[in-house]
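For the sequence shown, the working numbering gives the first residue as 81, with consecutive numbering after it. Even for Gly, the Cβ is constructed at its ideal location relative to N, Cα and C. Remember, predicted model here, so these are calculated numbers, not experimental data. Contents: one structure, followed by commentary.
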Amino acid sequence: MVRQGFNYTIERFGRYTKTAQPGLTVIVPVFERVGRKVNMMEQVLDIPGQEIITRDNAMVGVDAVVFFQVLDAAKAAYEVSDVYLAIMQLTTTNLRTVMGSMDLDETLSKRDEINARLLSVVDHATGPWGVKITRVEIKDIRPPADISNAMARQMKAEREKRAVILEAEGMRAAEILRAEGEKQGQILQAEGRREAAFRDAEAREREAEAEAKATQMVSEAIASSGSQAINYFVAQKYVEAISGFATSPNAKTILFPVEATQLIGTLGGIGELAKEALNGGTPPTTPQRRSDQ
């Protein structure tokens, strides 16, 4: 009776004749007997830890596991004396070969490549034994303590360097943005000053035009009305000046060093101008003042 997951080899007079599959198999007593009981399920073989020297002369400890399955019970039983020991020794030697051809940094960072190379080599070597290597995995890689400390310091220095670089880049970006802001502010201030100067110049120009136009109108009025227009303007300014003195909050008493007749004469000139305007521009005749003998 053969259990599930196993194959038995049947020998007749010590010679292999057939393989018994799981279930009931009838053999002839005395003439036939069971030779080897072969496990046909996928199995795991632990590769013991070993010290390996890498290409850059670094000593590392390595552990590995091998997954395999027997496909041909007769070959696994009769082509190799101990299939488990053979797979273990074959994996160990090829592990030394593969990792010994790599630098320490490569062994730590390229585990997938190591696994693939080991799988290809070991599977090719175990093919004649009726064994299929399904997977080879590196469990652990242990560099020496001094190398581990050096790697830790190197990693710390690398991270500090990155931090300093990032900080410097941040400061540079901040300075660039600050300079751009100041530049834009100065540009806007200059544009504001230019616009203000333009507005001031325009205002002065318009003021000068208004002043020139007013002067022209006064000149034309003087030219058409003669001395009466002059008297009108002088009287107007005279009255405005007196009203300014009168409305001043600090003025209590005002002394005029002028004669009242001059003010009356000025007001009379204003009246003459008004009459001239009402008469259609004809200047009235001014009576001759007698001179007292």
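Look at the alpha carbon of residue i and the alpha carbon of residue j, and state the distance between them as a whole number of angstroms.
{"i": "Leu184", "j": "Val82", "result": "49 Å"}
{"i": "Ala277", "j": "Ala292", "result": "22 Å"}
{"i": "Lys219", "j": "Glu122", "result": "19 Å"}
{"i": "Val124", "j": "Thr171", "result": "13 Å"}
{"i": "Ala299", "j": "Glu275", "result": "Sequence inspection shows Ser at residue 299; the Ala mentioned does not correspond to that position. Looking at the two C-alpha atoms, the distance is approximately 36 Å."}
{"i": "Ala156", "j": "Glu91", "result": "15 Å"}
{"i": "Gly265", "j": "Ala254", "result": "16 Å"}
{"i": "Gly272", "j": "Ala243", "result": "43 Å"}
{"i": "Glu285", "j": "Thr295", "result": "15 Å"}
{"i": "Tyr88", "j": "Ile127", "result": "27 Å"}
{"i": "Asn229", "j": "Glu238", "result": "14 Å"}
{"i": "Ser200", "j": "Ile194", "result": "10 Å"}
{"i": "Lys98", "j": "Tyr158", "result": "12 Å"}
{"i": "Arg191", "j": "Ala100", "result": "41 Å"}
{"i": "Leu268", "j": "Ala288", "result": "30 Å"}
{"i": "Pro208", "j": "Leu188", "result": "33 Å"}
{"i": "Arg113", "j": "Ser161", "result": "19 Å"}
{"i": "Val249", "j": "Gln169", "result": "The residue asked about is misnamed: residue 249 is Glu in this sequence, not Val. Cα-Cα distance, rounded: 55 Å."}
{"i": "Tyr96", "j": "Arg116", "result": "10 Å"}
{"i": "Lys241", "j": "Glu247", "result": "10 Å"}
{"i": "Arg233", "j": "Gly129", "result": "27 Å"}
{"i": "Ala290", "j": "Ser323", "result": "26 Å"}
{"i": "Lys236", "j": "Ile256", "result": "30 Å"}
{"i": "Val270", "j": "Arg258", "result": "Note on identity: in this sequence residue 270 is Ala, with Val being the wrong assignment. Taking the straight line joining both Cα atoms gives about 18 Å."}
{"i": "Glu320", "j": "Glu260", "result": "58 Å"}
{"i": "Asp372", "j": "Ala283", "result": "Below a pLDDT of 50, predicted positions are generally treated as unreliable, and Asp372, at 43, falls in that range; no measurement from the model is reported."}
{"i": "Ile245", "j": "Ala144", "result": "40 Å"}
{"i": "Glu186", "j": "Ala225", "result": "18 Å"}
{"i": "Asp280", "j": "Met297", "result": "25 Å"}
{"i": "Met251", "j": "Met231", "result": "30 Å"}
{"i": "Phe111", "j": "Val118", "result": "21 Å"}
Are the beta-carbon atoms belonging to residue i and residue j less than 9 Å from one another?
{"i": "Gly120", "j": "Ala153", "result": "First, the residue type needs correcting, since residue 120 is Met and not Gly in the sequence shown. In contact: Met120 and Ala153 (Cβ atoms closer than 9 Å)."}
{"i": "Val211", "j": "Arg197", "result": "no"}
{"i": "Arg222", "j": "Val146", "result": "no"}
{"i": "Thr206", "j": "Ala166", "result": "yes"}
{"i": "Arg135", "j": "Gly94", "result": "no"}
{"i": "Ile132", "j": "Arg176", "result": "yes"}
For the candidate residues the options, whose alpha-carbon lies nearest to that of residue i?
{"i": "Val142", "options": "Val216, Ala270, Ser161", "result": "Val216"}
{"i": "Ile227", "options": "Ala138, Arg279, Gln130", "result": "Ala138"}
{"i": "Tyr164", "options": "Gln149, Leu175, Asn174", "result": "Gln149"}
{"i": "Asp203", "options": "Asn174, Glu159, Gln84, Ala225", "result": "Asn174"}
{"i": "Ile213", "options": "Tyr158, Gln234, Glu320, Leu151", "result": "Leu151"}
{"i": "Gly103", "options": "Val110, Pro109, Gly85, Lys241", "result": "Gly85"}
What did DSSP end up calling residue i once you bin it into helix, strand or coil?
{"i": "Thr341", "result": "With a pLDDT of 48 at Thr341, under the threshold of 50, the modelled position of this residue cannot be trusted; read the value that follows with caution. Thr341 falls in the helix class under three-state DSSP."}
{"i": "Asn174", "result": "helix"}
{"i": "Val134", "result": "Looking at the sequence provided, one finds Thr at residue 134 rather than Val. Three-state DSSP puts Thr134 in coil, outside helix and strand."}
{"i": "Glu289", "result": "helix"}
{"i": "Met182", "result": "coil"}
{"i": "Gln123", "result": "strand"}
{"i": "Gly103", "result": "strand"}
{"i": "Arg83", "result": "coil"}
{"i": "Val319", "result": "helix"}
{"i": "Gly141", "result": "strand"}
{"i": "Gly115", "result": "strand"}
{"i": "Glu271", "result": "helix"}
{"i": "Gly389", "result": "Residue coverage of the chain in this structure runs from 81 to 373, which leaves residue 389 outside it and unanswerable."}
{"i": "Val57", "result": "As shown, the chain starts at 81 and ends at 373. That puts residue 57 outside it, with no answer to give."}
{"i": "Glu159", "result": "coil"}
{"i": "Phe278", "result": "helix"}
With a cut-off of 9 Å, does the C-beta of residue i fall near any C-beta of chain C?
{"i": "Ala157", "result": "This model lacks chain C altogether, as it is built from one protein chain only."}
Problem set entry | beta strand (DSSP E) runs wholly inside the segment 190-258, at least 3 long, in chain order | Within the segment 190-258, the complete beta strand (DSSP E) runs of at least 3 residues are 211-222.
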